[in-house]
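Structure first, then comments.
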Amino acid sequence: MKRLTRAALALAATLSLGQALGVTRGGQMVYGRYADSQFLDPVLNDSNLDIWILTNLYDTLLQPTADGKRVQPGLASRYVVSKDGLTMTLTLRPNIKFADGSPITSADVKWNLDRARNPDNGAWNNLIESIASVAASGNTVTITLKHPDPVLPSALAAFNTAIMPQKLFDAAPGKNDAEKAKAFAEKPIGSGPFVLSEWKRGSYMVLKRNPYYWKKGEDGKALPYLDTLRFEILPDDNTRILKLQAGELQGAEFIPLSRVAELKANPKLNMMLFPSTQVNQIAMNTRPKLKDGTANPLTDVRVRQALNYAVNRPALIQLVTFGNGKPMKSLMSSATPLFDKGQKGYTYDLDKAKALLAAAGFKNGFDVTTMATSGSANDLTLTTALQQMWGAVGVRLKIEQIDSATKVARRTAGDFQMNTGGWTDDLADPSEVTGYFATKGETDAAHTGFSDPTIEKLFPQSQREIDKTKRAAIYKQIQTIYSNAAPIIFLYETPYPVALAKNVKGFYQIPLGYNVFEKTSIEK
Amino acid sequence: MHTSYILRRLLQIIPLFLAVMVLVFVLVHLIPGDPVSAILGDRATPERVARANRQLGLDKPLIVQFGLFVNQLLHGNLGESINLKVPVLRLMLDRLPITLFLDVYAAVLGVLMAVPLAVLAAVRRNTWVDGVIRAVFQVGLSLPVFYVGLQLLTLLGARLGWFPIGGYGVTFGDHLYHLFLPALTLGLNLAAVLVRTLRNSVIEVLTAEYVDFARAKGLRSRVIMTRHVLRNALIATVTLLGLNIGGLIGGAVITETVFAIPGVGKLMVDAIFGRDYPVVQGLTLTFAVLVSLVFLATDLIHARLDPRAELS
């Protein structure tokens, strides 16, 4: 009897342990996206619509960690950087295969890296412009650098250095790389957890599990857990939510922040707010004269600081993000590596704002115009709220609602005074966001015309500094200078809102936006 | 039957086609913003923009671009989408049938609702029945399409679960089932327009002498209604229906967005926002031809119903 009890207990324990470890394999997940992908080539793609799902189809040598702050091994099981920082040696995992079963060789890697760094290809080649040459031998890839590059590991974990099979790409019809890419991207073969099986543009995309995927799940067998992943394209927010509530979807992205509270209260759903690198700001034209020749008050740093002090961020966060955001305290999000926790950001201080405006000679305020994206409810709420807040210090804000293509064109031409905008990092590194917002670079500090001599000196240094502590110190300094100079109105950080059915486990979106489905399962 | 007339009308489409072609090309290129900055967005450096423009041939003078566009058209090629990197023709062949299906479906539902109700309202004119029918459709006419669509979705789709929310299915039966709510949404709007006109014409015809005469002959009222009244009352309505179907082709945009139907309406909006010139041009030209054809068909049916109408 006693023995029997013990056996039963042991059996029960084993079973419950099995359950704890067990994860349901198979099945299909239907996921509602707000828009379809455009072009599934890692090098020539252009938008987040592609970037955020490319990693499900293609693998990279390294991968960003789930917190988006560091890198971990990918197709390469390890990498070593030489002491002088001029050589990186990567070792490929043994016996890795593309989704068609053919082996991934170091020659494939060399070809992909050479393609990705070719300035004639796409918009992202500058992420790895430090590469001088790539050599392949056996399962080793050796990268020689023009200069030490602390960003390289992150770049090798980003979509544009994904590895494709050279043989299949070359076999695609077309005269040149661009044409072959078009043909190949119709039915791409990579080595990511999934492989594209059907794509009806603007309607749906079906991904099937890649039987050759190298990563193992909790049960020791190959990932992914799902058999099929189906993306339904549902541009209307309400439709996505209705379909989710009706059980026709198991997940839906871009839930409007106004509906987060409602969906949180729904017992059938898990309303997720994934940490993101998303920041929302208003860029200011800092040039002394506007395009039409009139004087620009925003050229005075005191005016820009005053406007920042006159923003009631907690109120904005309630109004625009329905309490789902937090104040932006640096030019980069708090989820970006080397974000300086010591940054204070701007507090709400009307007296300080008034004093600064008076000192700048605008005691009675001035007129200023901002561009806002037409049709965007967020932009409208945001700018009308700012209208009131700045009205308190005598600044009269005019709102120009413009469609986004025109907005981009006017911003590039420097033909604006203020411009609403958002940003998400693509790299697990602060260099991308800093290069864009804080340096003259090629974009003229996010088209604001802002330039600071110290930052211009510090930034190139940071791009070659491989000592982590020293690099962090440089970034701390850049963030402080930038905050004081305030070429932008610092607004708020927002998360990625994704609603999932209760039985969906293991899905996550990393702060860089990538949607990770490799460990997603649907529990019975 | 009027072959020369039809031929003439078809030939008239050619100059229209040319005019639309020039107009669309000029207009699309005149709006500020270009595909490259629309695609590259936030991170576009002037250097990258220039390179992309060169690759897409957008750095050439407008007149050269127009020449290339016309040359392509003459070869039966509508070009390739800049954003999606797929031939425009293929995108259209994929999506146009869906929109056409939806529009025809909506027209059928609209007519099925409008005709009996309009006749009923006319026969019972100035009674409460007439009042209710007119009031309901008046409200229907003033409610925005997206609102009606969302309400139908919420009630019949999400709450009662009778219809799927969005999508359009695979087989013909599937299409009928999936597209019922969106077609009903559009159909209600169409019916609202039709009921008013049709009711008035039915009343007008009912008071005509030949109807009195038919009654005097002792014909049954059902026969009078179908053979004499409706046939004459429908003339104005057919024209109106034709005009509205023309509008539906371009106007399905909102319905397609709300119901997630991958038709040309949604494609057009995306293309305009993305400044995807080839897609905008190709779609506009196709719309122009389609609408001309619908108008031609309307005129022919009109002539059939009303022998007095001269096709000249």
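The listed protein sequences correspond, in order, to chains A and B. Residue 237 in the UniProt record's numbering sits at position 237 of the first sequence; the count goes up by one each step and never skips. Residue 256 in the UniProt record's numbering sits at position 256 of the second sequence; the count goes up by one each step and never skips. In this text, a Cβ means the ideal position worked out from N, Cα and C, and glycines have one as well.
Residues of the same chain with a CB within less than 6 Å of the CB of A/I466, apart from the 5 flanking positions on each side, are G85, P148, P150 in chain order. DSSP places A/D237 in the helix class (H, G or I) of the three-state scheme. At a C-beta separation below 8 Å, A/K221 has no neighbours in chain B, since its nearest C-beta there lies roughly 33 Å away. Just measuring C-alpha positions, the residue of B/A38, B/F17, B/I63, B/T237 sitting nearest B/D306 is B/T237. Counting the other Cβ atoms within 10 Å of the Cβ of B/I63 gives fewer than 16, which makes it exposed. For B/K85, the secondary structure class from DSSP, reduced to helix, strand or coil, is coil.
At least one CB atom of chain B sits nearer than 8 Å to the CB of A/F39. At a cut-off of 8 Å between C-beta atoms, A/K243 counts as an interface residue with respect to chain B. The alpha-carbon separation between A/G391 and A/I399 amounts to approximately 13 Å.
Secondary structure note for A/K180: its alpha helix (DSSP H) is the uninterrupted segment 177 to 186. No Cβ of chain B is located within less than 8 Å of the beta carbon of A/S330.
Bounds of the alpha helix (DSSP H) holding B/I254 are 253 to 258.
For A/A246, the C-beta contacts it makes with chain B under 8 Å involve G157, A158, G161, I165, in order along the chain.
Here DSSP, grouped into helix, strand and coil, assigns A/L145 to strand.
Bounds of any beta strand (DSSP E) do not take in A/W111; it lies within the alpha helix (DSSP H) bounded by 106 to 117.
Not a single C-beta of chain B is nearer than 8 Å to the C-beta of A/V80.
Closer than 8 Å to the CB of A/R410 there is at least one CB belonging to chain B. Inclusion of A/A310 and A/L338 in the CB contact set at 8 Å is not warranted, their separation being larger than that value. Along the length of the segment 457 to 502 of chain A, whole alpha helix (DSSP H) runs at least 4 residues long occupy 468 to 485, reported in chain order.
Linking A/V141 to A/P94 through their CA atoms gives a straight-line distance of about 13 Å. In its chain, beyond the 5 residues on either side, P193, L223, P224 have a beta carbon closer than 6 Å to the beta carbon of A/E518. The Cβ of B/L78 sits no closer than 8 Å to any Cβ of chain A. A/Y204 has its alpha-carbon roughly 23 Å from the corresponding atom of B/L152.
A straight line joining the alpha-carbon of A/P165 with that of A/D108 spans about 6 Å. Under the three-state reduction of DSSP, A/A310 is assigned to coil, being neither helix nor strand. For a Cβ distance threshold of 7 Å, nothing in chain B lies close to A/E129: the least Cβ distance comes to about 12 Å. For A/N296, the closest C-alpha among the options A/R25, A/N56, A/F366, A/A385 is that of A/F366.
In chain order, K502 place their CB closer than 8 Å to the CB of A/P267, counting only its own chain and leaving out the 5 sequence neighbours on each side. In its chain, beyond the 5 residues on either side, T277, D425, P430, V433 have a beta carbon closer than 7 Å to the beta carbon of A/T336. For the segment 393 to 405 of chain A, the set of positions with a beta-carbon nearer than 8 Å to some beta-carbon of chain B reads D403, S404, A405 in chain order.
Judged by DSSP in its simplified three-state form, B/G282 adopts helix.
Counted as a single uninterrupted DSSP element, the beta strand (DSSP E) harbouring A/W199 occupies residues 194 to 200.
The alpha-carbon separation between B/L143 and B/V119 amounts to approximately 24 Å. Contacts between A/K476 and chain B, judged by CB atoms closer than 8 Å, are missing: the closest CB pair is about 25 Å apart. Here the C-alpha atom of A/K167 lies approximately 40 Å from the C-alpha atom of B/L285. If you draw a straight line from the Cα of A/D219 to the Cα of A/S154, it comes to about 29 Å.
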